[in-house]
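Some notes on the structure that comes next.
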């Protein structure tokens, strides 16, 4: 049984809903141009004035009053179709596969996951993940058809695919376009950056293989729903170079959005533990200080693009600005347990796709 095999036993929690324990919200005080500002992370408001530090508990965190953003069903369901991949990325968290674990999801497991976790009403997105999910193309297409059949909410379910793009072909692109998929294609930056971290077999250029797949999107609606996702490590950030490269591809109209995210810096794949960094917390603090500076230079790049009236995208910035502009409350950045569930190839249910992959 899928629910019985859940290591975290969260299936019932997903159905029953999530309630937060009482918490104190933080109000961040800082200065810009000599002006005192306050940022309330819970209310997503930016105001002028003098901050006072920790505020009183917010009503949205009372245990008897769930936050309005908290959902009581799996509105976002990740299916890890396979742990297999045709690349050997340096920082991949899926490499921690334990002996005896299933490497691919069966059709029966995918169907039972949908029957158990799809909401009785309300919108839902089904995300296909891996490994490399395009290695299980027949299972993916079959699951899409089954999801449309069993879904009872308004409209139709949304579909999402995270892929390295190397296995895209005209037939796959046509299907993904027809079914309204949102696409995330892993591309770390210029060729030397990408090939260093995302390695393929002998004689295979993973950068060119990914680019060949991406160029099939040109002229398709799918291109407007495609994000180029770059992953960077503490030892080689260069966000501005990565942004410049990705925006050149946006100018080719083969994608519409850019996302650049760091590897989990607590477990940096390019450093490990070294003298002077015995404490992983100290090392992470050092790395995050570097990240802050890199994102600052990335923001300058976006500003220059906007001034030139050219497309400018970086999801980590756009998401934050959108919340400020529309005053959208956010109880946390991580959606684990908040209407989000991930199913591993063996049917185990997790709160996070990083655990199930």
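Numbering (my numbering), first residue to last: 385 to 741. Quick reminder that beta carbons are idealized off the backbone N, C-alpha and C, glycines included.
Opposite residue 577 in the DSSP bridges: which residues? The count along the chain shown starts at 1 and reaches residue 577 at position 193. According to DSSP, which records beta bridges pairwise, residue 577 is partnered with nothing at all.
Take residue 498 and list the residues in its own chain whose beta-carbon comes closer than 7 Å to its own, dropping the five residues that flank it on each side. Locating residue 498 in the chain shown gives position 114, counting from the first residue. 530, 531, 534, listed in sequence order.
Can you tell me whether residue 688 is helix, strand or coil according to DSSP? Locating residue 688 in the chain shown gives position 304, counting from the first residue. Note: residue 688 maps to helix in three-state DSSP.
Sheet register partners of residue 647 (DSSP bridge): Stepping through the chain shown from its first residue, residue 647 is reached at position 263. In the DSSP output, where bridge partners are listed per residue, residue 647 has none listed.
Residues near residue 599 in its chain [Cβ-Cβ closer than 7 Å; skip 5 each side]: What you label residue 599 is simply residue 215 of the chain shown in a count that begins at 1. These residues qualify, in order along the chain: 638.
Residues of its chain near residue 589, where Cβ-Cβ distance is below 7 Å and the 5 sequence neighbours each way are ignored: Here residue 589 refers to the residue found at position 205 of the chain shown. Only 579 meet the Cβ criterion.
Is there contact here, the segment 692-709 with the segment 461-468, by at least three beta-carbon pairs under 8 Å? no
In three-state terms, what does DSSP make of residue 597? Stepping through the chain shown from its first residue, residue 597 is reached at position 213. Three-state result, residue 597: helix.
With DSSP run on the structure shown, which of helix, strand or coil describes residue 471? Within the chain shown, numbered from 1, the residue matching residue 471 stands at position 87. Three-state DSSP puts residue 471 in coil, outside helix and strand.
Delimiting residues of the alpha helix (DSSP H) encompassing residue 553: Position 169 of the chain shown, counted from the start, is the residue given in the question as residue 553. Careful: residue 553 lies outside any alpha helix (DSSP H) and carries neither H nor E.
Would you identify the three-state DSSP class for residue 571, choosing helix, strand or coil? Position 187 of the chain shown holds residue 571. In this structure, residue 571 counts as coil in the three-state DSSP scheme.
Take the Cβ of residue 733 as the centre, count every other Cβ of all protein chains shown within 10 Å, and call the residue buried at 16 or more, exposed below. Locating residue 733 in the chain shown gives position 349, where the first residue counts as 1. Residue 733 should be labelled buried.
Report buried or exposed for residue 727, applying the criterion of at least 16 other Cβ atoms within 10 angstroms of its Cβ. Looking up residue 727 in the chain shown gives position 343. Classification for residue 727: buried.
Let's test the definition: count the other Cβ atoms within 10 Å of the Cβ of residue 584 and tell me whether it reaches 16, buried, or not, exposed. The residue given as residue 584 occupies position 200 in the chain shown. Classification of residue 584: buried, given that the 10 Å Cβ count is 16 or more.
For residue 508, which of helix, strand or coil comes out of DSSP? Within the chain shown, the letter at position 124 stands for residue 508. Correct three-state label for residue 508: coil.
Three-state class that DSSP yields for residue 565 in the structure shown: The count along the chain shown starts at 1 and reaches residue 565 at position 181. Residue 565: coil per DSSP, three-state reduction.
When we look at the beta-carbon of residue 690 and count the other beta-carbons within 10 Å, is it buried (16 or more) or exposed? Position 306 of the chain shown, counted from the first residue, corresponds to residue 690. Label assigned to residue 690: exposed.
In three-state terms, what does DSSP make of residue 613? Counting from 1 along the chain shown, the entry for residue 613 is found at position 229. Strand.
Can you tell which of 587, 592, 548, 555 has its C-alpha closest to the C-alpha of residue 610? In the chain shown, counting from the first residue as 1, residue 610 sits at position 226. The option with the nearest alpha carbon to residue 610 is 548.
How far does the alpha helix (DSSP H) with residue 494 in it extend, from its first residue to its last? Locating residue 494 in the chain shown gives position 110, counting from the first residue. Residues 491-501.
Between the alpha carbons of residue 680 and residue 571, how many angstroms are there, rounded? Here residue 680 corresponds to residue number 296 of the chain shown, with the count starting at 1. Here residue 571 corresponds to residue number 187 of the chain shown, with the count starting at 1. Each residue's Cα considered, the two are about 21 Å apart.
Best match in 623, 636, 635 for proximity to residue 643 [C-alpha to C-alpha]: Indexing the chain shown from 1 puts residue 643 at position 259. Selected option, being the one with the closest Cα: 623.
Taking the alpha-carbon of residue 506 as reference, which of 475, 540, 602 has the nearest alpha-carbon? For the purposes of this step, residue 506 is taken as the residue at position 122 of the chain shown. The residue with the shortest Cα to Cα distance from residue 506 is 540.
Looking only at C-alpha atoms, which of 677, 467, 471, 508 sits nearest to residue 725? The residue labelled residue 725 in the question sits at position 341 within the chain shown. Taking only the C-alpha atoms, the option nearest residue 725 is 508.
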